[in-house]
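What follows is a set of notes on a single structure, which appears directly below.
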Amino acid sequence: MPIYEYAPLDGPGCALCCYGFERLQRVSEPALTHCPACGGAVRRVLGAPQVVTGQAHVLKEKHIARHGFTQYRRVGKGQYEKTAGKGPDTISGD
Ligand SMILES: [Zn+2]
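Residue numbering for the sequence shown follows the working numbering, starting at 8 and increasing by one per position.
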């Protein structure tokens, strides 16, 4: 299935759609018209469906950090490692 890119139509959007987001969809599926998180209007970005690369992921993390969000990824049971933003480098759930 191709990955389609969506961008907000108006307004700042939410954490999901403010910079656009990608959605794995069947070719036969209709385009989304609203953000699944905040319900704001979105449009599908025209262009060839793209393969998401590691670089695209890094760019997103930079956006997250610039706007004061902190992102963690789970690295183990109750263990989280910071991937973007301010805050402790690791979080332990214990
Ligand atoms: Zn949204």
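Even glycine gets a Cβ: it sits at the ideal position worked out from N, Cα and C.
Asked, Found
"Which residues does DSSP list as the beta-bridge partners of Gln32?", "Beta-bridge pairing links Gln32 to no other residue."
"Regarding Leu23 and ligand 1, is the C-beta to nearest heavy atom distance less than 8 Å?", "yes"
"Look at the alpha carbon of Ser99 and the alpha carbon of Ser35, and state the distance between them as a whole number of angstroms.", "43 Å"
"Among Lys89, Pro15, Val52, which has the Cα closest to the Cα of Cys42?", "Pro15"
"Run through the DSSP bridge pairs and tell me what Arg81 is partnered with.", "Tyr87"
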